[in-house]
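Chemist: In our numbering, the protein residues as written are 102 to 264. Below you'll find the structure I mean.
What follows is the structure, given as structure tokens:
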């Protein structure tokens with residue numbers, strides 16, 4: 102098994118670093134964003150985004166699990182937070198390989214910040230051959246999708262999500 106590193110492009114976010122960190126550092130905040138209708142709105146904004154179906158999303162502030170087709174059940178947990186700057190997650194054992202996923206935030210000014218995602222995945226050679234290209238492309242698509250999240254949402258109403 103070898104550790105592969107996938108790093109996204111740096112993406113600009115039109116919300117302040119503290120607000121973005123506050124939303125992303127509590128996995129319960131993902132629930133309204135992962136409703137099928139909201140995923141579809143992101144897909145409309147990013148035509149190259151892969152078609153995914155997320156079902157059975159459950160979360161606490163530190164853990165989340167969901168089914169994603171065609172992969173199956175995925176679980177993640179936050180293992181480290183550096184307030185305002187970094188959130189580190191890892192798998193909870195439901196994924197067939199160990200990984201660490203870092204969300205890094207850097208302020209630009211009071212009302213905007215920059216985001217970079219890093220994935221460290223322990224992949225065996227066969228798995229690496231099958232998923233390497235997808236992970237290289239996917240990390241940038243995830244970063245693009247995260248950069249478009251309306252971080253000023255206050256509740257669970259999907260009607261609040263606007264283009």
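Where is the CB? At the ideal position from N, CA and C, for every residue including glycine.
Determine, using beta carbons only, whether residue 155 and residue 135 come nearer to each other than 8 angstroms.
Modeler: Against a cut-off of 8 angstroms, the Cβ pair of residue 135 and residue 155 comes out as a contact.
Chemist: Residue 172: buried (16+ other C-beta within 10 angstroms of its C-beta) or exposed?
Modeler: exposed
Chemist: Check whether the region 206-216 touches the region 115-124, counting contact only when three or more Cβ pairs, one atom from each stretch, lie closer than 8 angstroms.
Modeler: yes
Chemist: Considering only DSSP beta bridges, list what residue 217 is partnered with.
Modeler: 205
Chemist: Whose CA, out of 162, 215, 112, 231, lies closest to the CA of residue 178?
Modeler: 162
Chemist: Please state whether DSSP places residue 109 in a helix, a strand or coil.
Modeler: Note: residue 109 maps to coil in three-state DSSP.
Chemist: If residue 244 sits next to residue 206, beta carbons under 8 angstroms apart, how far is it from one beta carbon to the other, in whole angstroms?
Modeler: Going by Cβ atoms, the distance from residue 244 to residue 206 rounds to 12 angstroms, so no, they are not a contact pair.
Chemist: Buried or exposed for residue 170, going by 16 or more other Cβ atoms inside 10 Å?
Modeler: exposed
Chemist: Which residue wins for smallest C-alpha separation from residue 226, given the options 250, 252, 219, 198?
Modeler: 198
Chemist: Between which two residues does the alpha helix (DSSP H) holding residue 195 run?
Modeler: For residue 195, no alpha helix (DSSP H) encloses it, and the DSSP letter there is neither H nor E.
Chemist: By alpha-carbon positions, which one of 240, 231, 229, 235 ends up nearest to residue 218?
Modeler: 240
Chemist: Where residue 237 and residue 203 are concerned, what is the direct C-alpha to C-alpha distance, given to the nearest angstrom?
Modeler: 15 angstroms
Chemist: What span of residues does the beta strand (DSSP E) with residue 164 cover, start to end?
Modeler: 164-170
Chemist: Kindly identify the DSSP beta-bridge partner or partners of residue 131.
Modeler: Residue 131 is not bridged to any residue.
Chemist: Give the straight-line distance between the Cα atoms of residue 146 and residue 249, rounded to the nearest whole angstrom.
Modeler: 8 angstroms
Chemist: Spatial neighbours of residue 130 within its chain, please: C-beta separation below 6 angstroms, excluding the five flanking residues on both sides.
Modeler: 124
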